[in-house]
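Undergrad: Residue numbers (our numbering): 7 to 133.
Don't be surprised by glycine CBs; every beta carbon is placed ideally from N, CA and C.
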């Protein structure tokens with residue numbers, strides 16, 4: 007999952023397309039200018055969207071069939087009440103915790119397999 011795929015590149019590209027370019031150098035300058043001119047609220051809103059997308063993906067066990075609810079980010083900006091991070095749904099948090107436990111279990115199993123392989127190697131070398 008990449009925040010750039012959720013709209014940040016599109017926002018920069020939209021600004022960049024407003025500048026006529028005839029060479030690669032001019033295009034690079036136009037992209038730099040578009041990035042500098044871009045309202046950073048666009049990036050804030052894109053990260054909020056990323057947080058919600060990741061939450062939904064966790065809730066539905068990694069699938070990509072979900073519908074994002076409108077968070078009214080522009081209203082939050084105007085009111086000055088945009089949170090630095092969004093609260094995570096309990097089901098998504100439980101899913102993440104279960105996934106972390108599963109990853110830890112897999113890591114422990116991998117470590118035991120490596121240990122058994124080393125023991126087998128030492129036994130083979132000593133006989």
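Rank 61, 79, 80 and 78 by C-alpha distance to the C-alpha of residue 71 and give the top, closest one.
TA: Residue numbering aside, residue 71 sits at position 65 when the chain shown is read from its first letter. For residue 71, the nearest C-alpha among the options comes from 61.
Undergrad: Please classify residue 24: does DSSP put it in a helix, a strand, or coil?
TA: Reading the chain shown from its first residue, position 18 is the one you call residue 24. Three-state result, residue 24: coil.
Undergrad: Could you check what DSSP says for residue 70 in three-state terms: helix, strand or coil?
TA: As a working mapping, residue 70 is identified with position 64 in the chain shown. The answer is coil: DSSP assigns residue 70 none of H, G, I, E or B.
Undergrad: How long is the line joining the alpha carbons of residue 19 and residue 55, rounded to whole angstroms?
TA: For the purposes of this step, residue 19 is identified with residue 13 of the chain shown, where counting begins at 1. For the purposes of this step, residue 55 is identified with residue 49 of the chain shown, where counting begins at 1. So the alpha carbons of these two residues sit roughly 19 angstroms apart.
Undergrad: So, with DSSP's three-state summary, where would you put residue 65?
TA: Numbered from 1 along the chain shown, position 59 holds the residue referred to as residue 65. In this structure, residue 65 counts as helix in the three-state DSSP scheme.
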